[in-house]
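Some notes on the structure that comes next.
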Amino acid sequence: MNFKFNSGSTSYNRNNHFFLLVSIFSIIVIVFTNCKNDFDKVGIGLIPGSEILELFSSDTTTVLVHSVFADSVKTDNTATSMLGSYLDPIFGLNTISIATQVRLSTVNMNFGENPELDSIVLVMQYSFYSLPNFQPVYYYGDTATTQTIKVFELDESLYYDSTYYSNSLVATKSTELASMDINFSPRDSIMIDSVKVKPQLRIRLNDEFGNNILNAPASVKESNENFQDFMKGLYIKPEPVANDGAIAFFDLLDINSCLNLYYKNDEGDAKMYSFLINAACARYMNFTHDYSMGDPDFVAQLNGNHDLGKEKVYLQSLGGVETRISFPYIKDWFKDQKIVINEAKLVFHNVDTNSIYKPPHELVYYFVKDDGTLGFIEDQFEGVSYFGGQYDKKKGEYFFRLSQSLQKIMLGEKENTVFTMGISGASLSPTRVAFHGTWPNDENLMNKRIKLQIKYTKLTN
Numbered sequence: 145m146n147f148k149f150n151s152g153s154t155s156y157n158r159n160n161h162f163f164l165l166v167s168i169f170s171i172i173v174i175v176f177t178n179c180k181n182d183f184d185k186v187g188i189g190l191i192p193g194s195e196i197l198e199l200f201s202s203d204t205t206t207v208l209v210h211s212v213f214a215d216s217v218k219t220d221n222t223a224t225s226m227l228g229s230y231l232d233p234i235f236g237l238n239t240i241s242i243a244t245q246v247r248l249s250t251v252n253m254n255f256g257e258n259p260e261l262d263s264i265v266l267v268m269q270y271s272f273y274s275l276p277n278f279q280p281v282y283y284y285g286d287t288a289t290t291q292t293i294k295v296f297e298l299d300e301s302l303y304y305d306s307t308y309y310s311n312s313l314v315a316t317k318s319t320e321l322a323s324m325d326i327n328f329s330p331r332d333s334i335m336i337d338s339v340k341v342k343p344q345l346r347i348r349l350n351d352e353f354g355n356n357i358l359n360a361p362a363s364v365k366e367s368n369e370n371f372q373d374f375m376k377g378l379y380i381k382p383e384p385v386a387n388d389g390a391i392a393f394f395d396l397l398d399i400n401s402c403l404n405l406y407y408k409n410d411e412g413d414a415k416m417y418s419f420l421i422n423a424a425c426a427r428y429m430n431f432t433h434d435y436s437m438g439d440p441d442f443v444a445q446l447n448g449n450h451d452l453g454k455e456k457v458y459l460q461s462l463g464g465v466e467t468r469i470s471f472p473y474i475k476d477w478f479k480d481q482k483i484v485i486n487e488a489k490l491v492f493h494n495v496d497t498n499s500i501y502k503p504p505h506e507l508v509y510y511f512v513k514d515d516g517t518l519g520f521i522e523d524q525f526e527g528v529s530y531f532g533g534q535y536d537k538k539k540g541e542y543f544f545r546l547s548q549s550l551q552k553i554m555l556g557e558k559e560n561t562v563f564t565m566g567i568s569g570a571s572l573s574p575t576r577v578a579f580h581g582t583w584p585n586d587e588n589l590m591n592k593r594i595k596l597q598i599k600y601t602k603l604t605n
């Protein structure tokens, strides 16, 4: 098989010559690595004279990794909301609260003559989180833990067209509308007036709050704008747990999620008016993390001891933790050589495959630009099955293929060798994972270390 290039032609400069060789030999290696030949013998002698094909593999490239605090994530107007608190032995205390507006179901509502409050109840329909081809997740953690859920009235307006993040704060009034001990039961139907209904969390609010709404001036009931100026919304907040705990999922857009006011008037019959929580309501989630209650090595790494990345590194969603990755010597390693990267695969192994805190279904991987913003990896455009990032439950591992990206670094077309890794859907699911690092102290774990597996072709003159 002969490939001829005219080195003196203006049609090909040296980089174009090499780039074309990269493409050709990538195809050759794909074909031949499907055969039974020894890998290091494939292709030898195919190219006469100045272009001899030699094939190699390596997993000893220096990889530097360490975990850092992640940026906040956007949490407003999500399809599914989360609520709860859990104490993770590695990641410490994590708490999720919800702020939401409430709307009139009908304007110019009239409670009749001499209305009298029976009760006012906040109803939140349980839900689940799911991805295509995966089983739905109804909760995260241990629902046997009793949690205290408190409800407050907002003292600051929310706006539907505003953006809210996981660290956004909103003012609340000091009076508790409710403080209720509960165990999340996301899969247990309940009985309401002898009628079986889908699983829901029901929190009775105090009568003073209900009477304020019941006896509000008529102008308050004329429009949603007036009503939301009068009652700006609700803040649902779990108290931090002392141990274990869980996060539950809720569908605030479900017709059953609402604020029900039960009353009677001079007509005598019991009545109900439902205030809506729907797609027109501004709402968001607040995430808090107290890492001081986590594993000391994890905390030390976040606080700057990057050398601990040799032992373990970490990822957490909810605007928690991401991991920085770099290959500082890879350009020097291949300096002054013609190298074709046939495959570069970065592999990570889960430390605890049996934890009740399940690992994320999918990770994301970007390169970090000089200005700190993130950019796509060339390999991403080949699709998930090629690029990777999905959890292999049987192997307890993740991988990313970085072949094209690292080839560009070799060609000098990309200078930056720093990457970042996080969790896909970081604002939608409370997942986390710890990985064995690049050089664990336990020699028995060296086969599970983070490694860059490279298969490459060397072109010799």
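Mapped onto the working numbering, the consecutive letters of the sequence shown carry residue numbers 145 to 605.
Just so you know, even glycine gets a beta-carbon here, dropped at the ideal spot from N, CA and C.
Exercise. Does the distance from the C-beta atom of Leu607 to that of Leu490 stay below 8 Å?
Worked result: No answer is possible for residue 607: the residues shown for the chain start at 145 and end at 605.
For this session: Kindly identify the DSSP beta-bridge partner or partners of Met429.
Result: Working through the sequence shown from its first residue, we reach residue 429 at position 285. Beta-bridge pairing links Met429 to Ile242.
Exercise. With DSSP run on the structure shown, which of helix, strand or coil describes Ala362?
Worked result: Here residue 362 refers to the residue found at position 218 of the sequence shown. Assignment of Ala362 by DSSP, reduced to helix, strand and coil, places it in the helix class.
Problem set entry | Residues that His493 bridges to, as DSSP identifies them | Locating residue 493 in the sequence shown gives position 349, where the first residue counts as 1. Residue pairing of His493 in beta bridges, as defined by DSSP: Glu541.
Exercise. Would Arg593 be called buried (16 or more neighbouring beta carbons within 10 Å of its own) or exposed?
Worked result: Mapped onto the sequence shown, residue 593 falls at position 449. So Arg593 counts as buried.
Exercise. On the three-state DSSP scale, how would you describe Leu507?
Worked result: Within the sequence shown, residue 507 is the residue found at index 363, counting from 1. Judged by DSSP in its simplified three-state form, Leu507 adopts strand.
Exercise. Shortest alpha-carbon distance to Ser573 belongs to which of Gly464, Tyr509 and Glu559?
Worked result: What you label residue 573 is simply residue 429 of the sequence shown in a count that begins at 1. Ranking the options by Cα distance to Ser573, first place goes to Gly464.
Exercise. Measuring CA to CA, which of Ser329, Pro584 and Val528 is closest to Leu227?
Worked result: Counting from one through the sequence shown, the residue named residue 227 turns up at place 83. That would be Ser329, whose Cα lies nearest to the Cα of Leu227.
Exercise. From Cys402, Ile598, Thr239 and Glu260, pick the residue whose C-alpha is nearest to that of Gly389; which is it?
Worked result: Counted from its first residue, the sequence shown places residue 389 at position 245. It is Thr239 whose Cα lies nearest to the Cα of Gly389.
Exercise. Does the region 468-488 come close enough to the region 251-268 to have 3 or more Cβ pairs within less than 8 Å?
Worked result: No, because fewer than three Cβ pairs between the region 468-488 and the region 251-268 fall closer than 8 Å, the two stretches do not touch.
For this session: Could you name the residues of the same chain whose beta carbon sits closer than 7 Å to that of Gly189, not counting the 5 residues immediately before and after it, in chain order?
Result: On the sequence shown, residue 189 is found 45 positions in, with the first residue counted as 1. Its pLDDT being 38, under 50, Gly189 is placed unreliably in this model, and the value from its coordinates should be taken loosely. Excluding residues within five positions, none has a Cβ falling inside 7 Å.
Exercise. Quick check: the region 208-222 against the region 380-388, are there 3 or more CB pairs under 8 Å?
Worked result: Judged by Cβ distances under 8 Å, the region 208-222 makes no contact with the region 380-388, as fewer than three pairs qualify.
Problem set entry | Bridge partners - Gly532, DSSP secondary structure assignment | Within the sequence shown, the letter at position 388 stands for residue 532. Partner(s): Phe544.
For this session: May I ask you to report which of helix, strand or coil DSSP gives Tyr309?
Result: Position 165 of the sequence shown holds residue 309. Correct three-state label for Tyr309: strand.
For this session: Assuming Ala322 and Arg346 form a contact by the criterion Cβ under 8 Å, report the distance between their Cβ atoms to the nearest whole angstrom.
Result: As a working mapping, residue 322 is identified with position 178 in the sequence shown. As a working mapping, residue 346 is identified with position 202 in the sequence shown. Not confirmed; about 10 Å, so no contact.
Problem set entry | CA-to-CA distance, His580 to Met375, given in whole angstroms | Position 231 of the sequence shown holds residue 375. Position 436 of the sequence shown holds residue 580. Each residue's alpha carbon lies about 50 Å from the other.
For this session: Return the CA-CA distance between Ser350 and Arg331, expressed in angstroms with no decimal places.
Result: Here the question's residue 350 lines up with position 206 in the sequence shown. Here the question's residue 331 lines up with position 187 in the sequence shown. Reading off the sequence, residue 350 comes out as Asn, not Ser. So the alpha carbons of these two residues sit roughly 27 Å apart.
Problem set entry | Tyr230 burial status per 10 Å Cβ neighbour count (16 or more: buried) | As a working note, residue 230 is residue 86 in the sequence shown. Buried.
Exercise. With a Cβ-Cβ cutoff of 8 Å, do Val251 and Ser367 count as a contact?
Worked result: Counted from its first residue, the sequence shown places residue 251 at position 107. Counted from its first residue, the sequence shown places residue 367 at position 223. Between Val251 and Ser367, the CB-CB gap stays under 8 Å.
Exercise. Which of the three DSSP states, helix, strand or coil, is assigned to Asn181?
Worked result: On the sequence shown, position 37 is the one that residue 181 refers to. Because Asn181 sits at a pLDDT of 37, beneath the cut-off of 50, its placement in the model cannot be relied upon, and the point is left open.
Exercise. Span of the beta strand (DSSP E) holding Asp325?
Worked result: The count along the sequence shown starts at 1 and reaches residue 325 at position 181. Where Asp325 is concerned, the enclosing beta strand (DSSP E) stretches over Thr316 to Ile326.
Exercise. Which of helix, strand or coil does DSSP assign to Ile500?
Worked result: Residue 500 sits at position 356 when you count from the first residue of the sequence shown. In this structure, Ile500 counts as coil in the three-state DSSP scheme.
Exercise. Residue range of the alpha helix (DSSP H) that Pro440 falls in?
Worked result: Numbered from its first residue, the sequence shown carries residue 440 at position 296. Where Pro440 is concerned, the enclosing alpha helix (DSSP H) stretches over Pro440 to Leu446.
Exercise. Considering only residues of the same chain and omitting the five flanking positions on each side of Ile380, which have a CB-CB separation below 7 Å?
Worked result: Your numbering for residue 380 matches position 236 in the sequence shown. Closer than 7 Å at the Cβ level, and outside the excluded window around Ile380, lie Leu227, Ser241, Ile242, Ile293 and Val295.
Exercise. For the candidate residues Cys402, Val246, Leu462 and Glu260, whose alpha-carbon lies nearest to that of Asn430?
Worked result: Along the sequence shown, read from residue 1 onward, the residue named residue 430 stands at position 286. The shortest C-alpha separation from Asn430 is found at Leu462.
For this session: Compare the beta carbon distance of Asn560 and Asp514 with 8 Å and say whether it is the shorter of the two.
Result: If you number the sequence shown from 1, residue 560 lands on position 416. If you number the sequence shown from 1, residue 514 lands on position 370. Their beta carbons are under 8 Å apart, which means Asn560 touches Asp514 by this criterion.
Exercise. Beta carbon of Ser547, beta carbon of Glu506: below 8 Å?
Worked result: As a first step, residue 547 must be located in the sequence shown, where it is residue number 403. As a first step, residue 506 must be located in the sequence shown, where it is residue number 362. Between Ser547 and Glu506, the gap from beta carbon to beta carbon reaches 8 Å or more.
For this session: Helix, strand or coil for Ser301, going by three-state DSSP, please let me know.
Result: Residue mapping note: residue 301 aligns to position 157 of the sequence shown, counting from 1. Here Ser301 sits in coil by DSSP.
Exercise. So, helix, strand or coil for Lys218, using DSSP?
Worked result: Along the sequence shown, read from residue 1 onward, the residue named residue 218 stands at position 74. The answer is strand: DSSP assigns Lys218 an E or B state.
Exercise. At which residues does the alpha helix (DSSP H) containing Lys475 begin and terminate?
Worked result: Walking along the sequence shown from the start, residue 475 turns up at place 331. Secondary structure note for Lys475: its alpha helix (DSSP H) is the uninterrupted segment Ile474 to Trp477.
Exercise. Can you tell me the Cα-Cα spacing of Met324 and Tyr303, whole angstroms?
Worked result: Residue mapping note: residue 324 aligns to position 180 of the sequence shown, counting from 1. Residue mapping note: residue 303 aligns to position 159 of the sequence shown, counting from 1. The straight-line gap from Cα to Cα measures roughly 28 Å.
Exercise. In this structure, does DSSP put Asn400 in helix, strand or coil?
Worked result: As a position in the sequence shown, residue 400 is number 256, starting the count at 1. In the displayed model, Asn400 falls within coil according to three-state DSSP, outside both helix and strand.
Problem set entry | Residue environment, Asp220, which counts as buried when at least 16 other CB atoms sit within 10 Å | By one-based count along the sequence shown, residue 220 stands at place 76. The residue in question, Asp220, is buried, as its Cβ has 16 or more Cβ neighbours within 10 Å.
Problem set entry | Asp373: first and last residue of the uninterrupted alpha helix (DSSP H) it sits in | Taking the first residue of the sequence shown as position 1, residue 373 is located at position 229. Residues Asn368 to Phe374.
Exercise. Which residues in the same chain as Asn355 place their Cβ atom closer than 7 Å to its Cβ, once the five residues preceding and following it in sequence are excluded?
Worked result: Your numbering for residue 355 matches position 211 in the sequence shown. Contacts found: Leu261.
Exercise. What do you reckon, are the CB atoms on Glu297 and Leu378 nearer than 8 Å?
Worked result: Position 153 of the sequence shown, counting from 1, holds the residue named residue 297. Position 234 of the sequence shown, counting from 1, holds the residue named residue 378. For Glu297 and Leu378, yes; Cβs fall inside 8 Å.
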